[in-house]
Each structure stands twice: as C-alpha cells, then as structure tokens.
Amino acid sequence: MSAEPLLQLCSVSKSFNGLAAVNDVSFAMRRGEVVGLVGPNGSGKTTTINLISGITAVDSGRILLEGQSIERRRPFRRVQLGINRTFQVPKPFRDMTVAENIEVALEFSERDGADAECILTDLGLAAQRNKLARSLTVCQQKMLDLGRALATSPQLLLIDEIGAGLNPSELRDIADLLIRLSRRGTALVVVEHLLNFVNRITDHVIVLNAGVTLFEGTLQAASADSDVIAAFLGG
Amino acid sequence: MALLEYALMGGVLYGIFFSLVAIGLNLVFGVMRMINLAHGQFVMLGGFGACVLYQDLGLNPILGIPLAIAGAVVVGYPLYYAVVPRLQRSRDPEMLSFILFFGLAQVIEAVAVFVFGADQRSLPPETLGAGSVGLLWQQFPDSWWLAASVSVVSILGLYFYLTRTKLGFATRAVMTNREEALVTGIDVDRISVIALIMGLALAGMAGVFVPFLLGSVDPSIGTGLTTSSFAIIIIGSLGRPLGTVAGGLVFGLGSMLMQTYFSSWSNLVPYGLLVIIVLVRPTGLFGRPLRQA
Amino acid sequence: MRKALRPADAITLGMLAAVFFLTPHLYSNQSLLFTMMTFITLAQGFNLLYGFTGYLPFGYVGFFGAGAYGTSLLVLNAHLPAIAAVIGGGAAAVVAALILSPLLRLSGAYFAIANLAASQILYLIVANPALSSVTGGPYGLNIQKTFAPQSSYDAMLLVMLFTCAIAIFFCNSRFGLALRAMTQDYVSAQMAGINIVKLRLVVWLISAAVAGLAGGIYAWNISVFYPEAVFGLQISVFAIVFALFGGVGTVIGPILGAIALYTLYSVIGISLPQYFELIYGSLIVLLALFLPEGVLSLMTWRRIDVR
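Protein chains in written order, with my numbering: chain A, 1 to 235; chain B, 1001 to 1293; chain C, 2001 to 2307.
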C-alpha cells in the first residue's frame, strides 16, 4: 500500500453569487480510509462532494487523485478514474428497471470488478430487479443510487446523507456494507448528520462550518471542541 | 448624419413599442413557466381588431385597446382552465406547453385567414393623430409617439402591479418558486389566470399599434413576432418587466440601424439577436440566474 | 433487448421497402410517393434527436435546406455528378450542425427556439438578394441537368430505410441504452460514466446528416426550387407533427405518423391548405392534451412493446 494519498484537496474554493460555499478547504485521504464529513446545514458538505465528483467546477485550488490533477476533468472521466457518489435526493433512471439501472453503470464505467448480482443482493434489491425505478420506494431508490455507484467499481466513494429516512436496522445494514467496502480497499467520504451512524463506520471526521474546515480528528475529540460545539449550537 | 439620428431616435421609439409586444410573453413564462408560442398570433389578432374597428365599424382604432383587454378576459380564462392543469400534471410541462401552444398558434392563424383573409391590411396613420412630433430635429408620426407612450404606461403599470399590490407580490412569489408559493397558501391558479389574461391583453394592445409601426398586418406575422419577443425578453432577463424595456431598446435600435445601413439584412436582426444572446449570456443583461427549469 | 436486429424490426424495414418499391407500379403518382418518403425520412430524422435525447429541433428544416443548397451548389459550381453532390449536401448539413453545436448547451425550450432562429438565419442568408450571384437569392436554383426521377426516387428510398435502420439501432443497442439513460437523468448518466457531451453531439450530427441527405435528394428530384420550398417552416412542422402523432422514441411511430398524416394532407390539404393548417393545429393541441406520447401509446396501454 503506497503512502501517497489517494485523494488530496488543496485549498479548494467555490463561491455562488458571491457567497463562499467552500472556502480554502484542504485535506487528504489514503486508500481504504473512511472519513466522515460533518457540519451544520449549509456548511459546504454537499458542495465539497460536488466538487470532488465534478458536478460543480472549482473556482480555485486543486484536486488530486493519485497525484494527478483532476479538477478540470469532466464528471464522466472521474467516474472512469474511479470516483463516484450518491445523491441526497436519489436520481435513478426512472423508466428503466432496477437491473437496467445497474447495467448502465456497469457498461459505461469501463472499470472491472463489479458484479450486478452481488450488488443487488447486498442492497436488498434482488427481488425488485425487474421493477421500474420510478415505482420503488424512496429508500429503495437510495439503495439503487448506491448500487449504480458501486457498479462503477469506485476506488473513492462519496456518500451524501444516505442515512436520512432509514430505520435503525437499515442503518446498521448500510453501515456494515460501507465497512466491508472500506476493508476491500474503497475509500469513503461520508457526509452525514446522523453522528451515531458516522461513529459506527469511522473514527476520523472533518467538521465543516460555513465552508471552512473547523476541525479534523476523532469524533470524540470533535464533540469536546468548543469551536465545533459553537458551530452546531450557534453563538 | 441625419440618417443616423433618425435611426437612433426611431430605434428608441420602435424599441419601446416592441417592449410592449414582448412583455406579455415575459409575464406568462415567468409565472407559468409555459412558453406561449401563440403569443405573436394574439398580437396579430389585436392588429386585426384595430383594423376591423376602423374599416368595418368606422370607429377609432384606439378602441382596440379596451377591446384587447375584454378579449383577453374572454379567451384567457377558459384557455387557462382547459389547458394548464393538464399540462402541469404531465411529465414535461415546459416542452409539452411548447408543442401545445404551437398548435394553438397554427389554429389561430388558420382561423384568422378564414375570417380576415390572407391579405395585408393597413390603417391610415392619421387615425391616431394627423401630425408628427419632433424631437432632436427628427419627425416621427403621432402614432409612433402614442404607441411608445402606451407602452411606457403599460409597463410602468405592470411594474407597479408587481411591486405595490398584494396580488403583485404573490405573483412575484410564484415567479420565483411555484412550489413554495403553493405551500404558503397562495392561490397559484388564480395568480396564473390573472397573469395569462394580462399577458394576452398586453399582446392585444400592442397589436393595435402594429399596423402603424410595421406598416400592415396579416395572419402570417405571428411567428416572427413571437421570435422577436423571445429575443427581447431573454436579452432583458426573464421575469423582469423593466428588463424587457432594455431588451426592446436593444432590439429596436438594432433593427433600425440595420434597416438604415444594411437594409437587405434587416430581417435577420431578431433571429441573430436571439442566437447570440442565448449562446453568450442566456441569463440576459440583468443576469439573475434562472430558476432551473 | 441487446440484439441488434429483432425480427419485428426486420419485418418493419422489409415492409417499408416493399411498399415503396412496389407501389409505383400500381399508383402512378410517383411524385406523391417520393414526397411521402421524404417526410418519413424527416420525421424519423427528427425522432432520432427528439425521441432519443429530448432536444426538440424546431428548426430541423434548416438542415434539409442546407442539404438541398449544398447539393445544388456542388452540381452547379463543381459540376459533380448527382450522387456525389447529394453526399456533399449531407456533409453541408453536418458542417452546419457542427457550427450550431454550441446550441446543445441550452436546454428545453431555449434550444428549440434558438434552433428555429438559427434555421431562419440560414434561410434569410441564402434567400438574400445580395447573394443572388452565389445562392440564387430569392430566385432559387435550377439543377435540371441532373434531373433523374427514378434514380432520385431510389436514392430517397435507400436513405429512408437507412434512417429507420439507425432508429432500430438506437432502440436496441448499447448506444441506445446510453441515450435513454442520458435522457432520463443526465447527471446520473454522467455518474455512470457516460460522456453525454459527445453522445448528444453524435446524435445531433446524425440527425442533421439525415435531413441533409434528404434535402439533397429532394433538390435532385425537383430540380428547380425557391428557397421557401426547402427552408419553409411548414416542413419542420410536418416532420414534428408526424413524429409526435405516431409516437417518438420508437421506430414505427414516425413511419406510421408520416404515412397517415401525409395521406390526409394530400387528400384534403393540397386543395384547401388553410383547412389543413386548422386541422393539424388542432391535432397538435389535442395530442398535447390527451396523447402526448403519440398514437402508439394507445398500444402500450395494452402492453404491446412498441420499441
């Protein structure tokens, strides 16, 4: 395992209409590492995911994957390099079946290693394989979204608030799945409000507030840090 | 040099008039997010209304303005309830409305040919004032000044409606975010019907002056007017009534200057402007980012 | 579903070929059949873009005209034989499409209107009296020296079948899968590794090429024409209505729509054009309100897979 980080963000910034959503953020991750990205609403967590996955372009700064600059690459290229993500509001291919949704990602990611059957089973969608995506429940659509990402055999997976709306047993299953993924070498950035869920899968969190990195370290230390407490509670 | 001055001054008047032509489309698109591709045909109907009033009934064509307002109420209300709820429930309301209103445009054009004949009709300029008014050593017919004045008054009226009245505030809320407006208890349907009626009325009113500013009216002018209106509202930024005036001025000056110096290419102006603006700056001169369609 | 050519598709192509190959022996109005084939091709070409990517080219006729003029100018100035000139016409349309490709950045209605404006610009430039010496201006062009009704008929038949074959390919192939994904959610499609910019450009160029070839062959067939005959908005409208009526996103939708409505047009429309405008206008309104997916959607209700 090389010591070079898999992902590096170097002074990345992004503004919308003059408001800095992400302001000079830097961090690095190694292969297989799991990082929780937490912070109050509007702190720039989803924007960071958008910047890494390429949905949004950086204003300044660099994003390096295995040492190569990718901040100018288009999203589909980043997928082919092994970055993928889930969406807070799932966006499946509504008029295609569950199986077809996975098939598209398998076909076009140009990456080996994923197996559609395993993915469907792991996500509890095997029985729904021939149902149209639009007829799934919201939870199932979230799982399908994750399945699409997994079908591209990512080496870096960005998870955007997948916990919302899941019941405790579903949360446990997803947490276990994510841990299994990380043990197999997939790096994860998990944006999440549910701190118990984050605690289950990782030790290492980055706290954002108003686009700025407030804290990086263990969750326990974060919850004792006065700046972090102030950010979450206000004042 | 006088040629340039004439073109500039004329362009301003022509442009202000065209702001009135375009503003109805702006309102409808801004509020309902639907493209009224039949907009130009409604303007055309206003023009024929004025002609009928004068040529068949011997009345002053200016009465076309109240006629347009009345017509808009009579047509707008049933049109809205027949069409819009259904469209809003469909998968892609914006494109479907595009297609539907396009069909409506064809229907209106065909009916106009039946009722009025396919020939051009004109009105003697004196009907709206026998003289001409000068400004900066250029003379323009009364009808042009009247058209520009009516435009200014109407657009200011719309601006005050949107900024000073309760209904107007609600309308702007709907224009900004329809779903949110719905859940705040605003009667979105009522706001939209009113906006549609106002949009049609403004189109009809503009139509009254078409025989004077464009020389004549015939059933086929609708499509060109719709495209020009589009160019104007996009230049002026969607949803901003005062922006439409800016768009109209750009259009008017551009047309007049082209007409003066390269007249055989002047019919390209509306289309050229449209293509340039959507490629270079689709949010218009006053670039407020669009609500994502 | 990933087979290249299903039996149903082969039958469709075969029947289409047979109809237009054999009918001239029974019905002498070859010109009508030719025009019908032209519209089937245009409706299908329109369908390739709208039905599979969601972009509505309201100015589709621009490519038709570009092909007609490209072909004619090659015949007149470069003295190329007809077939080479027709291919040149197709190329002209592709060049026009490349120049207009920035329009693909626009969405929905903006694209549609801008496309209409672009085709109008092309028309007004070509028809401008100032360019009469180059393009014939408003007086049109005359390429009678290549007049060949039978050859041009056969050529249009081939192009029509070719266009339908492309539609079959779009329905059944991996390429088509990517298209459907892109149309249903273009962000997720990117996150599935699909290069949506390249994909929609390719479809755009193919759709333009088809219209260009059709335009070139049409010019070859009628030999003498004014700019309005190949740039008229009505041609776009026909292609769009025919395809929408039959059902876009399918192979046979545009074919059926074109045959049905063009037959209707030739029965009542040529003699009474204003009635036809009223009819197809009302048809569009009714379609948008009640049958937005076209006539074929009636069959889908009964669970017949029309793709």
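For glycine and all other residues, C-beta sits at the position ideal for the given N, C-alpha and C.
- According to DSSP, residue pairing for A/I159 in a beta bridge involves A/V190.
- For secondary structure counted as the beta strand (DSSP E) over 3 or more consecutive residues, the segment 1083–1149 of chain B holds these complete runs in sequence order: 1132–1135 and 1138–1141.
- Nearest C-alpha to B/F1017 among B/I1235, B/L1285, B/S1149 and B/I1194: B/S1149.
- Taking C-beta atoms as the reference points, C/A2109 and B/F1098 count as a pair closer than 7 Å.
- According to DSSP, A/K14 shares a beta bridge with A/V22.
- The beta carbon of C/S2282 falls within 7 Å of a beta carbon belonging to chain B, placing the residue at that interface.
- If only uninterrupted alpha helix (DSSP H) runs of at least 4 residues are considered, those enclosed by the segment 77–140 of chain A are 98–108 and 116–122.
- Within chain C, no residue has its CB atom less than 7 Å from the CB of B/Q1259, the nearest being about 14 Å off.
- In the DSSP assignment, A/G42 forms no beta bridge with any residue.
- Under the Cβ distance rule, B/Q1106 counts among the residues neighbouring chain C, one pair being separated by less than 7 Å.
- Residue pairing from DSSP places A/L64 in a beta bridge opposite A/Q8 and A/S69.
- Residue environment analysis places B/A1231 among the buried positions, since at least 16 neighbouring C-beta atoms fall within 10 angstroms of its C-beta.
- The beta carbon of A/C10 sits closer than 8 Å to those of S26, G61, R62, I63 and L64, all from its chain and outside the five residues before and after it, given in chain order.
- When C-alpha distances from C/L2283 are compared across C/S2271, C/S2266, C/T2250 and C/I2240, the shortest belongs to C/I2240.
- At a cut-off of 7 Å between beta carbons, A/F76 contacts chain C.
- Bridge pairing for A/T213: A/L208 [DSSP].
- Straight across, the Cα-Cα distance linking B/T1226 with B/M1198 is about 17 Å.
- With a threshold of 7 Å between beta carbons, B/V1031 makes no contact with chain C.
- Close partners of A/V35 in chain C (Cβ separation under 8 Å) are lacking, with about 20 Å as the shortest Cβ gap.
- When DSSP states are grouped into helix, strand and coil, C/M2182 belongs to the helix group.
- Exposed is the label assigned to B/Q1139, since fewer than 16 other Cβ atoms lie within 10 Å of its Cβ.
- For C/Q2120, the residues of chain B that pass the 7 Å Cβ criterion are Y1271, in the order they occur in the chain.
- Annotation note: the segment 2202–2244 of chain C contains no uninterrupted beta strand (DSSP E) run of length 3 or greater.
- Shown in chain order are the members of the segment 102–119 of chain A whose Cβ falls below 9 Å from a Cβ of chain C: E103, V104, A105, L106, E107, F108, S109, E110 and R111.
- With fewer than three CB-CB distances shorter than 8 Å, the segment 2179–2186 of chain C does not count as touching the segment 2030–2040 of chain C.
- Cβ proximity to chain A below 8 Å picks out Q2184, D2185, V2187, S2188, A2189, Q2190, M2191, A2192, G2193, I2194, N2195, I2196 and V2197 from the segment 2183–2198 of chain C.
- The alpha-carbon separation between C/A2068 and C/G2232 amounts to approximately 12 Å.
- Between C/I2235 and chain B, the shortest Cβ-Cβ separation is not below 7 Å.
- The beta-carbon distance between C/W2204 and C/L2049, rounded to whole angstroms, is 6 Å. This is short enough to meet the 8 Å contact definition.
- Residue state for A/V35 is assigned as strand, using DSSP reduced to three classes.
- If you check the CB distance, C/G2090 and C/L2213 come in under 7 Å.
- Among the residues of chain A, none has a CB under 9 Å from the CB of C/A2208; the nearest is roughly 24 Å distant.
- Contact between B/F1251 and B/P1270 holds: CB atoms are separated by about 7 Å, below the 8 Å threshold.
- An exposed status is given to A/D112, since fewer than 16 other beta-carbon atoms sit within 10 Å of its beta-carbon.
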